[in-house]
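S.K.: The numbering of the sequence shown is the numbering used here, which starts it at 68 and goes up by one.
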Amino acid sequence: MILTHCPFDPTPHSRDWDPNDLGSKTYKGNAKYFGDMVSYMDFSIGRIVKQLDKLKLRDNTLILFTGDNGTDEPVVSMMDNIAVEGGKGRTTDNGTHVPLIANWKGKIKPNQISRELVDFSDFFPTLCEVADVKIDSNIDLDGVSFYSELIGKKGRKKEWIHTWYNRDGGSNPKEQSKEWVRNEKYKLYVGNRFYNVVEDPNEKNPIKQKDMSQMERRIYINFTEALRTYISYRRE
68 MILTHCPFDP TPHSRDWDPN DLGSKTYKGN AKYFGDMVSY MDFSIGRIVK QLDKLKLRDN
128 TLILFTGDNG TDEPVVSMMD NIAVEGGKGR TTDNGTHVPL IANWKGKIKP NQISRELVDF
188 SDFFPTLCEV ADVKIDSNID LDGVSFYSEL IGKKGRKKEW IHTWYNRDGG SNPKEQSKEW
248 VRNEKYKLYV GNRFYNVVED PNEKNPIKQK DMSQMERRIY INFTEALRTY ISYRRE
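1) Between the C-alpha atoms of ASP186 and GLY210, what's the straight-line distance to the nearest angstrom?
2) Just the Cα atoms here: how many angstroms apart are ASN263 and PRO166?
3) First and last residue of the alpha helix (DSSP H) that includes TYR107?
4) Shortest alpha-carbon distance to ALA169 belongs to which of ASN161, GLN179, THR163 and ASP160?
5) Per DSSP, what kind of secondary structure is LYS277 in: helix, strand or coil?
6) Take the Cβ of SER111 as the centre, count every other Cβ of all protein chains shown within 10 Å, and call the residue buried at 16 or more, exposed below.
7) Residue ranges of each alpha helix (DSSP H) run of no fewer than 4 residues wholly in the region 183 to 259, ordered along the chain?
8) Could you give the first and the last residue of the continuous alpha helix (DSSP H) run that contains ASN161?
9) I think ILE175 touches LEU217, with their Cβ atoms under 8 Å apart; what is that distance to the nearest whole Å?
10) Whose CA, out of ASP139, TYR253 and MET108, lies closest to the CA of ASN97?
11) With DSSP collapsed to three states, give me the class of ILE180.
12) Quick check on the DSSP output: the beta strand (DSSP E) that includes VAL142 runs from which residue to which?
13) Beta carbon of GLY41, beta carbon of ASN161: below 8 Å?
14) If the criterion is Cβ atoms closer than 8 Å, does the pair SER215 and GLY222 meet it?
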């Protein structure tokens, strides 16, 4: 579902919807319709849920809703009374930190919030656990199932996540790749830029090694080793 993607255009529920209009003539469209597109996406998801109810499949269906990147740049959202610019294509939190909403009638209690680290590598082991499918122990996976978090059980702990990003997938030699390891609070890029992303979400002030606390130093060393491991994988 790419409904909230550029170009931002009116939906059938918009006041100025014109069924004969062929859509925006520009890539960006008009950001004022972003809210309409989110609302129509919600309506569309509601149709899926109603159909699951109609087919009596609701109790046996896990619904996962997430995004693959942050909001596009023309959109400015309010969070905790702070204006947050869209950061699609960036590696800061406004480009990579997205919602993950899970719903499973009778299995997942409503109004739960988890602060656990999750990335897309975790979906495969999670869905396998949900479906009671055993994973070959010889397969080396980055992902960690978050099924226990969904059903309110503790015990899962993912200490950090690793990301490699290149807008063109590495096919364009002029496009510089970015690679990092992070946890809930700290982030280390290849190249030794180390940030407290809670206090510095826009990553303007890297922490110098001489200014690191003992705890930050331990995290820095741990992240450095993790990055070396991934780099060594690519050399094999």
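All C-beta atoms, glycine included, are put in the ideal place defined by N, C-alpha and C.
M.R.: According to the structure data:
1) 8 Å
2) Rounded to the nearest angstrom, the two C-alpha atoms are 21 Å apart.
3) 101 to 121
4) GLN179
5) helix
6) So SER111 counts as exposed.
7) Within the region 183 to 259, complete alpha helix (DSSP H) segments of at least 4 residues are found at 190 to 197 and 214 to 217, given in chain order.
8) 160 to 163
9) 5 Å
10) Sorting ASP139, TYR253 and MET108 by C-alpha distance to the C-alpha of ASN97 places ASP139 at the top.
11) The three-state reading of DSSP puts ILE180 in coil, since its state is none of H, G, I, E or B.
12) For VAL142, no beta strand (DSSP E) segment is defined, and its DSSP state is neither H nor E.
13) For residue 41 there is no data in the structure shown, the boundaries of the chain being 68 and 303.
14) yes
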